[in-house]
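Participant: Going by numbering that gives the first Met the number 0, the residue at position 283 of the sequence shown is 282; the numbering climbs one at a time, nothing skipped. Virtual Cβ for every residue (Gly too), placed ideally from N, Cα, C.
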Amino acid sequence: MKQVLYDVADGVATISLNRPDQLNAVTTVMCDELIAAFDLADSDDSVRAIIVTGVGRAFCAGADLSSGADAFEHATDGGDSSAGVRRDSGGRVTLRIFASLKPVIAAINGSAVGFGLSLTLPMDIRVVADSAKLGLPFTARGIVPDGASSWFLPKAVGLSRAIDWSISGRIFRADEALSSGLVQSAHPANEVLDAARQIANSIAKQTAPVSVALTRQMLWQMSGASHPMTAHEIESAALTYTGASRDAAEGVTAFLDKRSPKWSMRPSDELPAWFPWADEPPFNDIAQRSR
Numbered sequence: 000m001k002q003v004l005y006d007v008a009d010g011v012a013t014i015s016l017n018r019p020d021q022l023n024a025v026t027t028v029m030c031d032e033l034i035a036a037f038d039l040a041d042s043d044d045s046v047r048a049i050i051v052t053g054v055g056r057a058f059c060a061g062a063d064l065s066s067g068a069d070a071f072e073h074a075t076d077g078g079d080s081s082a083g084v085r086r087d088s089g090g091r092v093t094l095r096i097f098a099s100l101k102p103v104i105a106a107i108n109g110s111a112v113g114f115g116l117s118l119t120l121p122m123d124i125r126v127v128a129d130s131a132k133l134g135l136p137f138t139a140r141g142i143v144p145d146g147a148s149s150w151f152l153p154k155a156v157g158l159s160r161a162i163d164w165s166i167s168g169r170i171f172r173a174d175e176a177l178s179s180g181l182v183q184s185a186h187p188a189n190e191v192l193d194a195a196r197q198i199a200n201s202i203a204k205q206t207a208p209v210s211v212a213l214t215r216q217m218l219w220q221m222s223g224a225s226h227p228m229t230a231h232e233i234e235s236a237a238l239t240y241t242g243a244s245r246d247a248a249e250g251v252t253a254f255l256d257k258r259s260p261k262w263s264m265r266p267s268d269e270l271p272a273w274f275p276w277a278d279e280p281p282f283n284d285i286a287q288r289s290r
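1. Is it right to say PHE151 is buried, meaning 16 or more other beta carbons lie within 10 angstroms of its own, or is it exposed?
2. How about ALA195 and LYS101: do their beta carbons lie closer than 7 Å?
3. Would you call the region 238-245 and the region 202-222 in contact, with 3 or more CB pairs under 8 Å?
4. Compare the Cα-Cα distances from ARG125 to each of ALA199, PRO144, SER45, ARG160 and report the closest residue.
5. Is DSSP giving HIS231 helix, strand or coil here?
6. Cutting at 6 Å between CB atoms, please list the residues of its own chain near GLY250, excluding the five before and the five after it.
7. Check the DSSP bridge columns for ASP6 and list the partner residues they point to.
8. Per the contact definition of three or more C-beta pairs closer than 8 Å, is the region 99-115 in contact with the region 52-66?
9. At the level of alpha carbons, what is the spacing between VAL84 and PRO281?
10. State the CB to CB distance for the pair THR13 and ASP20, rounded to an integer number of angstroms; the pair is presumed to be in contact (CB under 8 Å).
11. Could you tell me the boundaries of the alpha helix (DSSP H) in which LEU39 lies?
12. If you draw a straight line from the C-alpha of ASP278 to the C-alpha of GLN216, how long is it?
13. Taking the alpha carbon of VAL143 as the point to measure from, which residue in ILE166, TRP276, SER88 has its own alpha carbon closest?
14. Would you please verify whether the beta carbon of LEU100 is less than 7 Å from any beta carbon of chain B?
15. Hey, could you find the ends of the beta strand (DSSP E) ILE124 is sitting in?
16. Apart from the five residues on each side of it in sequence, which residues of its chain come closer than 6 Å, Cβ to Cβ, to GLY168?
17. Might you give, ordered along the chain, the residues of its own chain that have their beta carbon closer than 6 Å to the beta carbon of GLY10, omitting 5 neighbours on each side?
18. Can you list, in chain order, the stretches of the alpha helix (DSSP H) that have 4 or more residues and sit fully within the region 165-189?
19. Tell me the residue span of the beta strand (DSSP E) that contains GLY53.
20. Rounded to whole angstroms, what's the CA-CA distance from LEU270 to TRP262? Just pull it up for me.
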């Protein structure tokens with residue numbers, strides 16, 4: 000990879016945006032490499048959690064605007080639709096993160112603006128530098144939000160706050176992100192990655208990987224379900240599967256023996272046959288439907 004660094008240590012994969020001289024501004028190459036990095040992490044059973052951070056003083060300055068007025072045309076992928084609408088490259092990345100089998104922690108080590116902030120929204124836990132500037136200034140650039148953030152953001156902070164940030168396009172500070180619930184904690188910039196690693200290491204050491212993969216998807220997908228019966232059905236199937244598993248036996252035995260559990264089930268090939276219970280819908284050309 001050229002614009003993303005990938006490293007695994009102690010059960011944690013760290014994915015780092017690596018264009019520090021450009022404040023990690025996003026290109027289509029970086030988007031493709033982020034998707035590839037998540038594919039690597041999901042296929043590696045030694046990876047129990049994923050951290051995403053930035054190299055240098057910024058997390059991500061959003062789309063690379065160096066090409067000038069047509070910059071946003073380069074942020075879409077013309078290969079996925081034959082009818083004129085080109086897929087948002089950022090949305091391809093966030094949908095891949097949404098589908099992750101491993102919990103994802105955003106270590107926002109510096110400013111995160113535009114797609115730099117959208118990128119973090121499908122991640123499960125966010126920690127931020129207390130000096131960071133954040134914002135979604137799409138309307139101030141004459142465009143609209145990207146990265147499926149119109150779906151993710153209201154779930155993170157509520158509709159009213161999401162509308163405020165998205166329509167105003169204003170830049171806000173870490174303390175507002177913290178008070179809104181967007182981030183879990185704020186730290187000096189040089190401590191953000193360590194804080195993320197503490198969370199990731201705790202997940203890696205204490206939780207069963209198959210249970211985590213199922214639970215993560217249950218929570219994300221049930222946030223859009225139309226009735227709690229859907230959650231009841233999926234939880235019943237998941238409890239039946241995991242309750243009879245060797246990880247469940249190990250979890251109870253380890254608790255009774257007052258020792259750390261030794262999980263052996265693998266998300267790569269031991270998720271239930273019915274997972275995923277909902278396939279990703281196809282990308283459709285909205286513009287063509289409106290004609």
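Facilitator: Taking the definition as stated:
1. Here PHE151 is buried: its Cβ has 16 or more other Cβ atoms, across all protein chains shown, within 10 Å.
2. Against a cut-off of 7 Å, the Cβ pair of LYS101 and ALA195 comes out as no contact.
3. Touching, yes.
4. If we check each option's Cα against that of ARG125, ALA199 comes out closest.
5. Reduced to three states, the DSSP call for HIS231 is helix.
6. Closer than 6 Å at Cβ, skipping near neighbours: PRO260.
7. The bridge partners DSSP lists for ASP6 are THR13.
8. Remark: three or more beta-carbon pairs, one from each stretch, lie closer than 8 Å, so the region 52-66 and the region 99-115 are flagged as touching.
9. Looking at the two C-alpha atoms, the distance is approximately 14 Å.
10. About 20 Å separates the two Cβ atoms, so there is no contact after all.
11. Where LEU39 is concerned, the enclosing alpha helix (DSSP H) stretches over 27-42.
12. A direct Cα-Cα distance of roughly 12 Å separates ASP278 from GLN216.
13. VAL143 has its Cα closest to that of ILE166, out of ILE166, TRP276, SER88.
14. Of the protein chains in this structure there is only one, and it is not chain B.
15. Judged by DSSP secondary structure, ILE124 falls within the beta strand (DSSP E) whose first and last residues are 124-128.
16. The residues are PRO136, THR138, ALA139.
17. So the qualifying residues of the chain are ARG47, ALA203.
18. Whole alpha helix (DSSP H) segments, 4+ residues: 173-179.
19. First-last of the beta strand (DSSP E) with GLY53: 48-53.
20. Cα to Cα, the separation comes out at about 14 Å.
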